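A.B. asks: Numbering (our numbering) for the sequence shown: -8 to 511.
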Amino acid sequence: MAHFDQSENYWLPSSIKGARAETKKTYPTLNLSLSLSLAISMASPNSVKILDICEVAAAYDSTKSATETILSPTFFELSGLRFPPSDCLCFFKLTDSNPTFFHSVIFPSLKQSLSHALLHFLPIVGSLTWPPESSRPIFVYHPKNDSVSVTLAECNGDFDRLIGNGIHEAVESHPHAPQLVATDTRSPLLALQVTLFPNKGFCIGMETHHAIFDGKSASMFLRAWAYTCKYIVEKGEAPRLLPEEITPSFEWKSIQDSKGLEEKYINLWATIGKRLESGSDSNPKSVKPLTKLEVQPNLLRANFHLSSEAIKKLRESVLRYHPEATDPTKRLHLSTYVLACSYVLICLVKARGGDADREVYFAWSVDCRSRLDPPLPPNHFGDTVVARHIVSKAGDFMQENGLAIIAEKLSASINGLDKGLLEGSSERLEMLLSLGPEVRLISVAGATGLKFYNTDFGWGNVEKVELTSIDRTGAFSVLDIGNGNDRRTEIGVALKRPEMESFASFFCNGVEVMPFKQIQ
Ligand SMILES: CC(C)(COP(=O)(O)OP(=O)(O)OC[C@H]1O[C@@H](n2cnc3c(N)ncnc32)[C@H](O)[C@@H]1OP(=O)(O)O)[C@@H](O)C(=O)NCCC(=O)NCCSC(=O)CC(=O)O
């Protein structure tokens, strides 16, 4: 989930008391398969030329209605009504991507397949609007008249640096992300950009509106588009059907609002909008996403990987402090997600250092599809997540058993989801959005199991996925790569240089946060 409270001092407040954690300057390779390159590559002039902005409509289907359709948001969609949009970049390596091949084959295939894929996802071709006479916003789409904006660009920047896991300047990614151009009365839901890096590869950038896309819906759409494109490239025609997993199902009517959440979220956004957009003429019926936070100057971005072996060691380390958890009735939920998030959190808090009494909130998203009663199908399309959080003193994260403390809290929170999944969810969101600089809020974008890395448009699997918007929100990202023994959990962070150096040191050494030496 994204955090965007503009009143907050981002997450590097100058008011930090106490000493910063010691920064190590050497980064030994550990036997935990933590891969990292700390050489900071400086940006070369990264010129991005916009070549065209085109509109792609859904392919014409005579069997479907060509009239305007209205879709009423559920409380889930209303919960994300005005969050700033999410950005995701997918980099594809392709040395054959010379301009001639790109402009005659790749880009036309991407557009053609997009048009066919959109036929399955018609609501995202339309927009979010709030008619003056209506008490609630609506999604409106017209299969023939509506379209998605696709920007075509070319970049002579350093492709290898962008697809590597080394540190680079956070803003270097921004020219590859498109922008949703919204007004108070109408907001598109999806914007796309395709950037050619001549003879190196290309990047597909996607900006998505939180009111309809959660992580699973964004991944589903991306993979459906990729599947369609690969099919067209290989077979010369569009597939009639998509595999079930990426065939969206719109079960919105079956979602019951038994807790009156729709009204609560509408009121919440009216209040938050007024508070955060106080400079402008705040319109309680605005559907425009709130202004994105500025990216802090000199912010760096890097990816870190945890192998399945490293996750296993983290699990063993937690169990050392919780021997009772081997009792099935007291079992901890020590999934890859829990261990990866807990580990990143303790490294982030230690990297920042400061007042041990300061409260640290960790906010994360829960996919409710399988957790509703009755459950929604796994391919349900829409924003179907709610926010959850845990809170602990910074000192807890810094203790030798910090990993065990945080993993236990996160585990208990996940184990407790069965009871009161939606209870207090709007109040919780309001509370999280209202936290001031006296506490620290860390959130996470992405999750394990979202399959962004299983994306192939026909010219090879995606080389690198970047959840770019974390550099504005103070979140870290979590994504899965590979599977089985080759599975890795990719962590993306955007930090100022001193924090990045400390974080990398803690992440790679681990000794400050858990007794790795004992468990090797
Ligand atoms: C609450 C959770 C985070 C908890 O995740 P966990 O992995 O701890 O727990 P879990 O019950 O889901 O899974 C436990 C284990 O079972 C496995 N598992 C689960 N479902 C499975 C399935 N259908 N088939 C096979 N394995 C499965 C998982 O991989 C995991 O194993 P293993 O341990 O091996 O992995 C998750 O359930 C969830 O809701 N994830 C989605 C969150 C989400 O959508 N985030 C994106 C928000 S939007 C966003 O990010 C946009 C933005 O902000 O920009």
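Each residue gets a CB set at the ideal place from its N, CA and C atoms; glycine is no exception.
This one's a predicted model, so the numbers in the text were calculated from it and none came from an experiment.
If you compare alpha carbons, which of Gln184, Pro314, Glu492 is closest to Cys194?
C.D. replies: Gln184
A.B. asks: Tell me whether Lys207, by its Cβ, gets closer than 7 Å to a heavy atom of ligand 1.
C.D. replies: yes
A.B. asks: Going by other Cβ atoms of all chains shown within 10 Å of its Cβ, with 16 needed for buried, is Tyr51 buried or exposed?
C.D. replies: exposed
A.B. asks: Whole angstroms is fine: what's the gap from Tyr256's alpha carbon to Leu441's?
C.D. replies: 26 Å
A.B. asks: Within a Cβ cutoff of 7 Å, which residues of the same chain sit near Pro76, ignoring the five residues on either side of it in sequence?
C.D. replies: Within the same chain, and ignoring the five residues on either side of Pro76 in sequence, the residues whose Cβ sits closer than 7 Å to its Cβ are Leu171, Glu198, Thr199, His200, His201, Pro280.
A.B. asks: What separation, rounded to the nearest whole angstrom, lies between the Cα atoms of Lys250 and Leu109?
C.D. replies: The straight-line gap separating the alpha-carbon atoms of Lys250 and Leu109 is approximately 33 Å.
A.B. asks: For His313 and Glu399, what's the separation of their Cα atoms in angstroms?
C.D. replies: 9 Å
A.B. asks: Between which two residues does the alpha helix (DSSP H) harbouring His107 extend?
C.D. replies: 98 to 109
A.B. asks: Can you grab the Cα-Cα spacing for the pair Pro189 / Pro90, in whole Å?
C.D. replies: Between Pro189 and Pro90, the alpha-carbon positions lie close to 6 Å from each other.
A.B. asks: What are the complete alpha helix (DSSP H) segments, minimum 4 residues, inside the segment 185 to 237?
C.D. replies: 206 to 226
A.B. asks: Evaluate Pro234 with the Cβ neighbour count: other Cβ atoms within 10 Å of its Cβ, from every protein chain shown; 16 or more gives buried, anything less gives exposed.
C.D. replies: exposed
A.B. asks: What's the C-alpha gap between Gly521 and Asn294?
C.D. replies: Any question about residue 521 goes unanswered here, given that the chain covers just -8 to 511.
A.B. asks: I'd like to check one pair, Val430 with Phe467: are the Cβ atoms closer than 8 Å?
C.D. replies: no
A.B. asks: Once the 5 residues before and after Met389 are set aside, which same chain residues still bring their CB inside 6 Å of it?
C.D. replies: Here the set comprises Lys341.
A.B. asks: Given this structure, state the Cα-to-Cα distance separating Gly451 from Ser164, to the nearest angstrom.
C.D. replies: 21 Å
A.B. asks: Does the distance from the CB of Leu432 to the CB of Tyr352 come in under 8 Å?
C.D. replies: yes
A.B. asks: Is any heavy atom of ligand 1 found at a distance shorter than 7 Å from the C-beta of Ile405?
C.D. replies: yes
A.B. asks: If you count every other CB in all the chains shown that lies within 10 Å of the CB of Glu315, and 16 or more means buried, which is it?
C.D. replies: exposed
A.B. asks: My assumption, with CB atoms under 8 Å, is that Ile115 sits in contact with Leu62. Please give the rounded CB distance.
C.D. replies: Their Cβ separation, rounded to whole angstroms, is 10 Å, which puts Ile115 and Leu62 out of contact at 8 Å.
A.B. asks: Taking Phe82 and Leu187 to be in contact with their CB atoms under 8 Å, please state how far apart those CB atoms are, rounded to whole angstroms.
C.D. replies: Phe82 to Leu187, Cβ: 12 Å. No contact.
A.B. asks: Measuring straight from C-alpha to C-alpha, what distance separates Val453 and Leu408?
C.D. replies: So the alpha carbons of these two residues sit roughly 33 Å apart.
A.B. asks: When DSSP labels each residue in this structure, what does Ser118 get in the three-state scheme?
C.D. replies: strand
A.B. asks: Which residue marks the beginning of the beta strand (DSSP E) containing Val172, and which one marks its end?
C.D. replies: Val172 -> no beta strand (DSSP E), and no H or E assigned at all.
A.B. asks: Under 8 Å, do Cys45 and Val141 count as touching if we go by C-beta distance?
C.D. replies: Contact annotation: Cys45 and Val141 have beta-carbon atoms nearer than 8 Å.
A.B. asks: Within 10 angstroms of the Cβ of Asn445, are there 16 or more other Cβ atoms? Answer buried if so, exposed if not.
C.D. replies: buried
A.B. asks: Per DSSP, which one or two residues make a beta bridge with Tyr352?
C.D. replies: Val382, Leu432
A.B. asks: Distance, Cα to Cα, Thr60 vs His133?
C.D. replies: Straight-line spacing of the CA atoms in Thr60 and His133 works out to 6 Å.
A.B. asks: Distance check for Asp346 and Phe212, CA to CA, integer angstroms please.
C.D. replies: 43 Å
A.B. asks: Do Val357 and ligand 1 come close, with the Cβ less than 7 Å from some heavy atom?
C.D. replies: yes
A.B. asks: Is Gly324 close to ligand 1? I mean its beta-carbon at under 7 Å from any heavy atom of the ligand.
C.D. replies: In the sequence as presented, Gly is not what sits at residue 324; that position holds His. Indeed, a heavy atom of ligand 1 lies less than 7 Å from the Cβ.
A.B. asks: Spatial neighbours of Ala385 within its chain, please: CB distance less than 6 Å, with the 5 preceding and 5 following residues excluded, ordered by chain position.
C.D. replies: Taken in chain order, the residues that qualify are Val340, Ala347, Arg349, Val351.
A.B. asks: To the nearest angstrom, how far is it from the Cα of Ala403 to the Cα of His324?
C.D. replies: 7 Å
A.B. asks: Are Leu291 and Leu486 touching if we call contact CB-CB under 8 Å?
C.D. replies: yes
A.B. asks: So Gly264 and Arg419 are in contact, right, with Cβ under 8 Å, and what is the actual spacing, rounded?
C.D. replies: Incorrect: roughly 18 Å between the Cβ atoms, too far for contact.
A.B. asks: Need the endpoints of the beta strand (DSSP E) that Ser361 sits in, please.
C.D. replies: Where Ser361 is concerned, there is no enclosing beta strand (DSSP E), given that its DSSP letter is neither H nor E.
A.B. asks: How far does the alpha helix (DSSP H) with Arg311 in it reach, from first residue to last?
C.D. replies: 299 to 312
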